[in-house]
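Enquirer: First, the structure itself, so that you have it in front of you.
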Ligand code: F6R
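In the numbering used here, the protein residues as written are 2 to 608.
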């Protein structure tokens, strides 16, 4: 989603701002811009589209200065055009603001300001911030920010420069990340530390209701009421400078290949002295033992991981377990009480809907647990306990290793819960544990099909509509394969349980319609075969993902991709990389922007 970067330096900041924006590109955006303060004036250059277009424009503008802010915007209020691109200027053009998040009471503030005679130019909610800063400015940018944040409702991180306060940037955070850094030749601010990684490896992470004021000599942190705070810079967890593609054409391909290692690291992190151990405290373990219902709440691929876990958990915990899409769960009438365990799953740890439904669960007294990849992210901090997946940084917008490590953490959690609840025979749990140790190797074997899939996927790359089918846990994996294909190739894809096709959708199957069938489940193979036979009778072309042992069950399939055999619940982790590769090579054949598909953002911090 949107990205903020700002620098105050001894040298010209323009190049640094552009480099910072490029580091934020992976988050997804549809317009970009920069503004600098120089000689009592603000100069802003903005453009719809990519940063490359902004760079092109900057060649013809003299935008050099020691202080500036920049932004990549993912449109929420108003079209992604030049006018609505950030930085957004105040009416007197003395203040420029870049902003992430949503100001929920923007309409109310706008009406009030219009009644005071302030004229608005853009369709953004951000403009209320720049106009309020203008009204509240009395010679100190800090005091203008303090007065302004008191009026704002919603989630925000913003940074502002003012032509009457030369050399400084003031920035504020509430429910949206913001980090500051001091380095030799200046100071910086950004919504994502990757934009600051080359300047230092220690950062000041702002907490909610904090303001940073930076100039080239110092970084000062204040509370929203104006008291100065001491904050110690912290070392970043990840190596921020190792986000190169390491010779891979795209981050997505690199991340597909990283899955065996990421899964292994996730297992190793929680397997201690022959036991699964998440380090939960006694009180939380007691709550887990007493829980009589489980909800998984998540969005997109993380929801698909929850949907896969739902079946596994019901099998071994023998209590009702449901995966619910977070944007639905937050407004549902789902009964939640202290015997309910709510598990929020999120790679980024920032997804607004997942966070909201987790908060609802917490307020209802449920036991809450977050499964998150990004350390110290909102969702990580909001759950009563947290399990960190060990995917490492995921840059491609379409998640790959994020999803398989979520599955891994969920498999481990299921086994752990069944043990403390004593809800399944030791023998059965022991078998799952053994398979867990083979998971990384099985995924490696799937990834090794990359060459084969690269030759087959171009065949379906130019389809308009395709279908995915599966039964049981295979269906949840088919959902993930379908999502992956549509998000990066823009092919329309629909996914159904194999037994559901005949209740309507089969009317769309024609001669040559491509159908991807996930058929890894021994228990349901005959049933999946029925579904395949029904669509073959209508002329479909079926690409079947199955195991060597089951392949004879699907004699009518036109193509068969053979994967390693595992238990039915772990099959999505083994199958998903093949579907990811199919999507990847289809998108590559079509020349799509694989790492940054149109309209999508890496973390969806708005509702
Ligand atoms: C799909 C994808 C999205 C995310 C979803 C949730 O490839 O990446 O569907 O899975 O937006 O994101 P997180 O896991 O960050 O909460």
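Glycine included, C-beta positions come from ideal geometry on N, C-alpha and C. No experiment lies behind these values; they were computed from the predicted model shown.
Tell me which residues share the same chain as residue 570 and place their Cβ nearer than 6 Å to its Cβ, disregarding the 5 neighbours each side in the sequence.
Expert: Residue mapping note: residue 570 aligns to position 569 of the chain shown, counting from 1. Cβ within range, chain order: 313, 474.
Enquirer: Taking one C-beta from the region 108–119 and one from the region 65–80 each time, how about it: are there three or more such pairs within less than 8 Å?
Expert: Taking 8 Å as the limit for Cβ pairs, the verdict is that the region 65–80 does not touch the region 108–119.
Enquirer: Could you check how far apart the C-beta atoms of residue 220 and residue 188 are, in whole angstroms? I think they sit under 8 Å.
Expert: Residue numbering aside, residue 220 sits at position 219 when the chain shown is read from its first letter. Residue numbering aside, residue 188 sits at position 187 when the chain shown is read from its first letter. Correct: roughly 5 Å between the Cβ atoms.
Enquirer: Assign residue 456 to one of two classes, buried (16 or more other C-beta atoms within 10 Å of its C-beta) or exposed (fewer than that).
Expert: As a first step, residue 456 must be located in the chain shown, where it is residue number 455. Label assigned to residue 456: exposed.
Enquirer: Do you know whose CA, among 91, 263, 137, lies nearest residue 120's CA?
Expert: As a first step, residue 120 is located in the chain shown; it is residue number 119 there, counting from the start. When only C-alpha atoms are compared, the closest one is 91.
Enquirer: Rounding to the nearest angstrom, what Cα-Cα distance links residue 323 and residue 271 in this structure?
Expert: As a working mapping, residue 323 is identified with position 322 in the chain shown. As a working mapping, residue 271 is identified with position 270 in the chain shown. If I take the Cα positions, the gap works out to 24 Å.
Enquirer: With a threshold of 16 other CB atoms inside 10 Å of the CB of residue 61, please say whether the residue is buried or exposed.
Expert: Taking the chain shown and counting its residues from 1, one reaches residue 61 at position 60. Under this definition residue 61 is an exposed residue.
Enquirer: Would you mind giving the Cβ-Cβ distance between residue 19 and residue 56, rounded to the nearest angstrom? I have them listed as a contact below 8 Å.
Expert: Position 18 of the chain shown, counted from the start, is the residue given in the question as residue 19. Position 55 of the chain shown, counted from the start, is the residue given in the question as residue 56. At roughly 6 Å, the Cβ-Cβ gap stays under 8 Å, so residue 19 and residue 56 are in contact.
Enquirer: Rank 480, 528, 597, 28 by C-alpha distance to the C-alpha of residue 573 and give the top, closest one.
Expert: Position 572 of the chain shown holds residue 573. When each option's Cα is compared against that of residue 573, the closest is 480.
Enquirer: Using three-state DSSP, classify residue 301 as helix, strand or coil.
Expert: Within the chain shown, residue 301 is the residue found at index 300, counting from 1. Correct three-state label for residue 301: helix.
Enquirer: At a cut-off of 7 Å, is residue 593 close to ligand 1 when judged by its beta-carbon and the heavy atoms of the ligand?
Expert: Residue numbering aside, residue 593 sits at position 592 when the chain shown is read from its first letter. Residue 593 Cβ: outside cutoff for every heavy atom of ligand 1.
Enquirer: Span of the alpha helix (DSSP H) holding residue 144?
Expert: Counting from 1 along the chain shown, the entry for residue 144 is found at position 143. Where residue 144 is concerned, the enclosing alpha helix (DSSP H) stretches over 142–152.
Enquirer: How is the alpha helix (DSSP H) around residue 159 delimited, first residue to last?
Expert: By one-based count along the chain shown, residue 159 stands at place 158. Element bounds for residue 159: not the alpha helix (DSSP H) but the beta strand (DSSP E), 155–163.
Enquirer: Quick one: what does DSSP say residue 97 is sitting in, helix, strand or coil?
Expert: Working through the chain shown from its first residue, we reach residue 97 at position 96. Strand, per DSSP.
Enquirer: Could you work out which residue in 174, 389, 548, 265 is closest to residue 210 when comparing CA atoms only?
Expert: Locating residue 210 in the chain shown gives position 209, where the first residue counts as 1. The shortest Cα separation from residue 210 among 174, 389, 548, 265 belongs to 174.
Enquirer: When the distance is taken between beta carbons, is residue 265 closer than 8 Å to residue 76?
Expert: Taking the first residue of the chain shown as position 1, residue 76 is located at position 75. Taking the first residue of the chain shown as position 1, residue 265 is located at position 264. Not a contact, by the Cβ cut-off of 8 Å.
Enquirer: Leaving out five residues before and five after residue 608 in sequence, what residues of the same chain have Cβ atoms less than 7 Å from its Cβ?
Expert: Here the question's residue 608 lines up with position 607 in the chain shown. These residues qualify, in order along the chain: 353, 354.
Enquirer: Within 10 Å of its beta-carbon, does residue 137 have 16 or more other beta-carbons around it, so buried, or fewer, so exposed?
Expert: Taking the first residue of the chain shown as 1, we reach residue 137 at position 136. Buried, since its Cβ has 16 or more Cβ neighbours within 10 Å.
Enquirer: With DSSP as the reference, label residue 78 as helix, strand or coil.
Expert: Position 77 of the chain shown, counting from 1, holds the residue named residue 78. Three-state DSSP puts residue 78 in coil, outside helix and strand.
Enquirer: Using only CA atoms, which one of 529, 398, 518, 15 lies nearest to residue 257?
Expert: Indexing the chain shown from 1 puts residue 257 at position 256. The option with the nearest alpha carbon to residue 257 is 398.
Enquirer: Using a Cβ-Cβ cut-off of 6 Å (strictly less than) and excluding sequence neighbours within five positions of residue 217, which residues of its own chain qualify?
Expert: Position 216 of the chain shown, counted from the start, is the residue given in the question as residue 217. Excluding positions up to five away in sequence, the list reads 9, 10, 11, 187.
Enquirer: Between the C-alpha atoms of residue 133 and residue 149, what's the straight-line distance to the nearest angstrom?
Expert: The count along the chain shown starts at 1 and reaches residue 133 at position 132. The count along the chain shown starts at 1 and reaches residue 149 at position 148. Those two C-alpha atoms are separated by around 6 Å.
Enquirer: Please report the distance separating the alpha-carbon of residue 562 from that of residue 367.
Expert: As a working mapping, residue 562 is identified with position 561 in the chain shown. As a working mapping, residue 367 is identified with position 366 in the chain shown. If I take the Cα positions, the gap works out to 43 Å.
Enquirer: So, residue 631 versus residue 42, is the Cβ gap smaller than 8 Å?
Expert: Outside the displayed range of the chain (2 to 608) lies residue 631, so it cannot be described from this structure.
Enquirer: Do residue 546 and residue 514 have their CB atoms nearer than 8 Å?
Expert: On the chain shown, residue 546 is found 545 positions in, with the first residue counted as 1. On the chain shown, residue 514 is found 513 positions in, with the first residue counted as 1. Against a cut-off of 8 Å, the Cβ pair of residue 514 and residue 546 comes out as no contact.
Enquirer: When you compare only the Cα positions, how much space is there between residue 395 and residue 260?
Expert: In the chain shown, the residue the question calls residue 395 occupies position 394. In the chain shown, the residue the question calls residue 260 occupies position 259. The straight-line gap from Cα to Cα measures roughly 11 Å.
Enquirer: Please tell me whether, using a cut-off of 7 Å, the distance from the CB of residue 484 to the nearest non-hydrogen atom of ligand 1 is below it.
Expert: For the purposes of this step, residue 484 is taken as the residue at position 483 of the chain shown. Within the cutoff, so yes.
Enquirer: Using the C-alpha atoms, what's the distance from residue 111 back to residue 105?
Expert: Locating residue 105 in the chain shown gives position 104, where the first residue counts as 1. Locating residue 111 in the chain shown gives position 110, where the first residue counts as 1. Each residue's Cα considered, the two are about 11 Å apart.
Enquirer: Evaluate contact between the region 409–420 and the region 293–313, counting only Cβ atoms and requiring at least three cross-stretch pairs below 8 Å.
Expert: Cβ pair count under 8 Å is three or more, so yes.
Enquirer: Kindly give me the distance between the Cβ atoms of residue 519 and residue 576, rounded to whole angstroms, as I take these residues to be in contact under 8 Å.
Expert: The residue you call residue 519 lines up with position 518 of the chain shown. The residue you call residue 576 lines up with position 575 of the chain shown. Contact holds; Cβ gap of about 6 Å.
Enquirer: Check this for me: beta carbons of residue 4 and residue 196, under 8 Å apart or not?
Expert: As a first step, residue 4 must be located in the chain shown, where it is residue number 3. As a first step, residue 196 must be located in the chain shown, where it is residue number 195. Yes. Within cutoff.
Enquirer: Would residue 489 and residue 595 be called neighbours here (beta carbons separated by less than 8 Å)?
Expert: On the chain shown, position 488 is the one that residue 489 refers to. On the chain shown, position 594 is the one that residue 595 refers to. For residue 489 and residue 595, yes; Cβs fall inside 8 Å.
Enquirer: Check whether the Cβ atoms of residue 300 and residue 328 sit closer than 8 Å, and answer yes or no.
Expert: Here the question's residue 300 lines up with position 299 in the chain shown. Here the question's residue 328 lines up with position 327 in the chain shown. Yes, they are a contact pair.
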